[in-house]
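Student: Its first residue numbered 682, the sequence shown is counted upward by one per residue in the numbering used here. All C-beta atoms in this analysis are idealised placements derived from N, C-alpha and C, irrespective of residue type, glycine included. Sharing a structure with you now.
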Amino acid sequence: MRFLIVYITMLLACGSVYAETQVNVVGLFSNKAVVMVNGGMPKTLSVGQSSEGVKLLAADSSSATFLIEGKTRQLGMGQAASIAGDSAAANASVTLYANAQGHFISECQINSAPLKFILDTGATTVALNSGDAKFAKIDYKNGTPVRISTANGVVTAYRVIIGSLKIGSITLHQVEASIHEGGSPPIVLLGMSALNRLNMQRQNIAMTLTKKY
Numbered sequence: 682m683r684f685l686i687v688y689i690t691m692l693l694a695c696g697s698v699y700a701e702t703q704v705n706v707v708g709l710f711s712n713k714a715v716v717m718v719n720g721g722m723p724k725t726l727s728v729g730q731s732s733e734g735v736k737l738l739a740a741d742s743s744s745a746t747f748l749i750e751g752k753t754r755q756l757g758m759g760q761a762a763s764i765a766g767d768s769a770a771a772n773a774s775v776t777l778y779a780n781a782q783g784h785f786i787s788e789c790q791i792n793s794a795p796l797k798f799i800l801d802t803g804a805t806t807v808a809l810n811s812g813d814a815k816f817a818k819i820d821y822k823n824g825t826p827v828r829i830s831t832a833n834g835v836v837t838a839y840r841v842i843i844g845s846l847k848i849g850s851i852t853l854h855q856v857e858a859s860i861h862e863g864g865s866p867p868i869v870l871l872g873m874s875a876l877n878r879l880n881m882q883r884q885n886i887a888m889t890l891t892k893k894y
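Structure follows, in structure tokens:
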């Protein structure tokens with residue numbers, strides 16, 4: 682009953698406050714927490730892991746401490762937190778954390794479709810495979826066909842404009858992208874057509890992206 686009251690309270694709060702990131706705790710363990718981010722499916726995070734702008738800092742059977750869009754929140758079982766913000770603001774930001782290989786991999790939404798991406802300053806544009814493009818409802822065959830050199834050789838791709846690209850509290854509109862036929866790249870490449878519109882500041886394993894326009 683206590684969980685239900687807390688959950689309903691958070692839903693009512695979201696009706697009056699624009700919440701960029703909402704975290705619900707549905708499971709607690711030593712050094713792990715099971716969370717629902719923005720109403721999505723439950724995910725298990727270990728200490729140090731992050732997803733959609735949410736990083737688990739500490740956890741035990743009674744509570745968990747998160748870094749949510751740069752703000753620290755401690756939550757118990759069944760509790761929730763919402764970090765409000767304006768995704769259209771020019772100074773919206775999100776912090777990514779490098780994995781063991783030094784890559785910045787996180788989650789985004791393209792045309793509201795949830796997808797994984799890797800930050801790639803060597804890519805000229807945002808790049809998707811054709812399966813991910815279809816999932817994001819991109820009619821890429823109406824785009825401009827081009828030939829692109831990749832690690833696997835020269836491939837056919839289609840230049841398109843993505844309606845919206847959302848990373849945490851950042852939303853970019855009308856972003857140039859290239860759609861590659863087949864299953865490569867395996868995840869979205871966040872290339873310079875998006876990164877040119879962001880300031881990037883790295884400190885150790887943390888990379889903070891701030892929207893310029």
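Under 6 Å Cβ to Cβ from M888, same chain only, skipping five residues before and after it: list those, please.
Tutor: Here residue 888 refers to the residue found at position 207 when the sequence shown is read from its first residue. So the list reads L777, F785, once near-sequence residues are dropped.
Student: Leaving out five residues on either side along the sequence, give the residues of the same chain with a beta carbon under 7 Å from the beta carbon of A714.
Tutor: Counted from its first residue, the sequence shown places residue 714 at position 33. Contacts found: V706, G708, L726, L737, A740, A745.
Student: Expressed to the nearest angstrom, what Euclidean distance is found between the alpha-carbon atoms of V728 and L890?
Tutor: One-based indexing of the sequence shown puts residue 728 at position 47. One-based indexing of the sequence shown puts residue 890 at position 209. So the two alpha carbons sit approximately 22 Å from each other.
Student: Look at the alpha carbon of L879 and the alpha carbon of K892, and state the distance between them as a whole number of angstroms.
Tutor: If you number the sequence shown from 1, residue 879 lands on position 198. If you number the sequence shown from 1, residue 892 lands on position 211. Distance between the alpha carbons of L879 and K892 is about 5 Å.
Student: By alpha-carbon positions, which one of T702, K752, M881 ends up nearest to E788?
Tutor: The sequence position of residue 788 within the sequence shown is 107, counting from 1. Nearest of T702, K752, M881 to E788, Cα basis: T702.
Student: Any idea which residues DSSP pairs R828 with across the strands?
Tutor: Taking the sequence shown and counting its residues from 1, one reaches residue 828 at position 147. According to DSSP, R828 bridges with T837.
Student: Is I819 near I860, with beta carbons less than 8 Å apart?
Tutor: Mapped onto the sequence shown, residue 819 falls at position 138. Mapped onto the sequence shown, residue 860 falls at position 179. It is a contact, given that the beta carbons lie within the stated cut-off.
Student: Would you list the one or two residues that DSSP bridges to S727?
Tutor: By 1-based counting over the sequence shown, the position of residue 727 is 46. The partner list for S727 (beta bridge, DSSP) reads K713.
Student: Throw me the rounded Cβ distance for the M873 and T825 pair, which I believe falls under 8 Å.
Tutor: Working through the sequence shown from its first residue, we reach residue 873 at position 192. Working through the sequence shown from its first residue, we reach residue 825 at position 144. In fact, because the Cβ distance is near 18 Å, the residues do not count as touching under 8 Å.
Student: If A817 sits next to N792, beta carbons under 8 Å apart, how far is it from one beta carbon to the other, in whole angstroms?
Tutor: On the sequence shown, position 136 is the one that residue 817 refers to. On the sequence shown, position 111 is the one that residue 792 refers to. Contact holds; Cβ gap of about 5 Å.
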